[in-house]
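Asks:
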Amino acid sequence: MNFDMFNIKDKIPFKEDIFKGKVVFITGGSGTICKKQAEYLVILGCNASIVGRNPEKTVRAALEISKIRKDSKIVACPNTDVRNIESLEAAVNKTVKELGKIDFVICGAAGNFIADFNHLSSNAFKSVVSIDLLGSFNTVKSCFQELKKNKGSIIMVSSTLHYYGVPFQIHVSAAKAGVDALSKSLAVELGPLGIRVNAIAPGTIAATEGFTRLARASPQELTTKIPLQRLGRVQDVALATVFLFSEAASYITGTVVVVDGGAWQTSNVQ
Ligand code: HXC
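Residue numbering for the sequence shown follows the working numbering, starting at 7 and increasing by one per position.
(1) Mind checking whether A96 and I80 have CB atoms under 8 Å apart?
(2) Which residue or residues does DSSP assign as beta-bridge partners of C83?
(3) Does the Cβ of R202 have 16 or more other Cβ atoms within 10 Å, making it buried, or fewer, making it exposed?
(4) With DSSP collapsed to three states, give me the class of V194.
(5) For a quick check, are the C-beta atoms of N118 and G216 less than 8 Å apart?
(6) May I have the straight-line CA-CA distance separating G260 from E62, to the nearest angstrom?
(7) For M11, which three-state DSSP category applies?
(8) Check each candidate in M162, P84 and L167 and name the one with the smallest Cα separation from I120.
(9) Are there any heavy atoms of the ligand HXC lying less than 7 Å away from the beta-carbon of H125, as far as the coordinates show?
(10) Does at least one heavy atom of the ligand SAH sit under 7 Å from the Cβ of A254?
(11) Keeping to the same chain, check which residues put their C-beta closer than 6 Å to that of F131; ignore five residues upstream and five downstream.
(12) If you follow the alpha helix (DSSP H) that C52 is in, where does it begin and where does it stop?
(13) In angstroms with no decimal places, state the Cα-to-Cα distance between F249 and I49.
(14) Looking only at its chain, what residues have a beta carbon closer than 6 Å to the beta carbon of G200, apart from the 5 residues adjacent to it on each side?
(15) Just to confirm the assignment, what range does the alpha helix (DSSP H) spanning I211 have?
(16) I91 lies in the alpha helix (DSSP H); which residues open and close that run?
(17) I want to check one thing, is the minimum distance from the CB of R219 to the heavy atoms of the ligand HXC below 7 Å?
(18) Report all residues from its chain with a CB closer than 7 Å to the CB of K100; omit the five preceding and five following residues, and keep chain order.
(19) Which same chain residues, not among the five before or five after V185, have their C-beta less than 7 Å away from its C-beta?
(20) Is there at least one non-hydrogen atom of the ligand HXC closer than 7 Å to the beta-carbon of F174?
(21) What would DSSP say about T272, mapped onto helix, strand or coil?
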């Protein structure tokens, strides 16, 4: 495998093929963070279903990911809106038809924009909560039979916004707090079925759509405020994903893994 051609310069500290024969279903799979999660899983042997609302982005991402390994199978499920359970069920059916099953689910689809309370309409608030929170519920709901059959594992993509008060992010903070609650309750309820449920809370991750849209300080300014003295990389989130889906995390459920260089522990980041 030539990892360099995909700009994957870091050595991945996991055994090759640990996910051979597994299938991941990933919503928001064409976004910067989720695409990297998919790439790392595929590098390690997983087949993947890339699920997204935007048809061009979703198909392009699936095509790029399919070039990582000759023996991988990648499916694109474009035009899938996580707010609509029928749309997700169609994506699940396509995935199972083409890849045979679903073992891992990443609830990554998210919506965000900066808006102060006064300019945040009821519909705007509802849109983001519907994508992030209801969308995560719908994703698990539509994958449930597969997860149950295969004793699968779920990762929700959360955030650290709701650990403290972040202005102009009321909608996302509320949605992600709900995502954490959903994740923990599901972990308890689905644990006896052998299904693990965890969340990853990325901090400031460079070169992402979220960073471009949301960062209000320069990268240099932010870096000095982060205890580990660098911005996050999409690879950092991907590595946490690999860990949580791997056998190394087989006794871990109901947790939120914060990937933020220690930022939220300080009082001076944001
Ligand atoms: C105020 C806004 C707005 C803005 C949209 N709205 N953008 N209000 N400021 N900048 C309002 C609209 O006016 C409308 O309300 C309502 O939101 C719904 O907007 P639509 O465009 O009709 O909805 P839709 O097409 O479904 O789009 C959903 C969306 C959009 C969330 C609003 O931004 C989107 O599709 N985003 C997907 C991609 C995305 O956001 N990726 C970022 C991921 S980064 P009215 O009242 O007018 O009807 C990320 C990082 C999170 O999530 C982690 C944080 C650290």
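The beta carbon of each residue, even a glycine, is placed where N, CA and C say it ideally should be.
Remember, it's a predicted structure, so these values are computed and weren't measured experimentally.
Replies: According to the structure data:
(1) Reading the sequence shown from its first residue, position 90 is the one you call residue 96. Reading the sequence shown from its first residue, position 74 is the one you call residue 80. No, these two residues do not count as a Cβ contact at 8 Å.
(2) Start at 1 with the first residue of the sequence shown, and residue 83 comes out as number 77. BP columns for C83 point to V57.
(3) In the sequence shown, counting from the first residue as 1, residue 202 sits at position 196. It is buried - the Cβ of R202 has at least 16 other Cβ atoms within 10 Å.
(4) Translated into the one-based positions of the sequence shown, residue 194 becomes position 188. Correct three-state label for V194: helix.
(5) Residue 118 sits at position 112 when you count from the first residue of the sequence shown. Residue 216 sits at position 210 when you count from the first residue of the sequence shown. In contact: N118 and G216 (Cβ atoms closer than 8 Å).
(6) Within the sequence shown, numbered from 1, the residue matching residue 260 stands at position 254. Within the sequence shown, numbered from 1, the residue matching residue 62 stands at position 56. Looking at the two C-alpha atoms, the distance is approximately 35 Å.
(7) Residue mapping note: residue 11 aligns to position 5 of the sequence shown, counting from 1. Note that M11 has pLDDT 41, beneath the 50 cutoff, so the model's placement of it is unreliable and the number below is only indicative. Note: M11 maps to helix in three-state DSSP.
(8) Numbered from its first residue, the sequence shown carries residue 120 at position 114. Comparing Cα-Cα distances from I120 to each of M162, P84 and L167, the minimum goes to L167.
(9) Numbered from its first residue, the sequence shown carries residue 125 at position 119. Inclusion of H125 in the 7 Å shell around the ligand HXC follows from its C-beta lying nearer than that to a non-hydrogen atom of the ligand.
(10) Although the ligand SAH was asked about, the structure shown includes only the ligand HXC as ligands.
(11) Here residue 131 is taken as the residue at index 125 of the sequence shown, counted from 1. Excluding positions up to five away in sequence, the list reads H177.
(12) As a position in the sequence shown, residue 52 is number 46, starting the count at 1. Neither: C52 is in no alpha helix (DSSP H) and is coded neither H nor E.
(13) Your numbering for residue 249 matches position 243 in the sequence shown. Your numbering for residue 49 matches position 43 in the sequence shown. Approximately 14 Å between the Cα atoms of the pair.
(14) As a working note, residue 200 is residue 194 in the sequence shown. Excluding sequence neighbours, G200 sits near K157.
(15) In the sequence shown, the residue the question calls residue 211 occupies position 205. Following the DSSP letters along the chain, one finds I211 in no alpha helix (DSSP H), marked with neither H nor E.
(16) Taking the first residue of the sequence shown as position 1, residue 91 is located at position 85. I91 to L105 is the span of the alpha helix (DSSP H), which, as asked, contains I91.
(17) Position 213 of the sequence shown, counted from the start, is the residue given in the question as residue 219. R219 Cβ: within cutoff of the ligand HXC.
(18) Along the sequence shown, one-based indexing puts residue 100 at 94. Cβ neighbours of K100 beyond the five flanking positions: V81 and C83.
(19) Taking the first residue of the sequence shown as position 1, residue 185 is located at position 179. Beyond the five residues adjoining it in sequence on each side, V185 comes within less than 7 Å, by CB distance, of D138, L139, S142, M162, S164 and A205 in the same chain, given in chain order.
(20) Looking up residue 174 in the sequence shown gives position 168. Answer for F174: no, Cβ out of range of the ligand HXC.
(21) By 1-based counting over the sequence shown, the position of residue 272 is 266. Correct three-state label for T272: coil.
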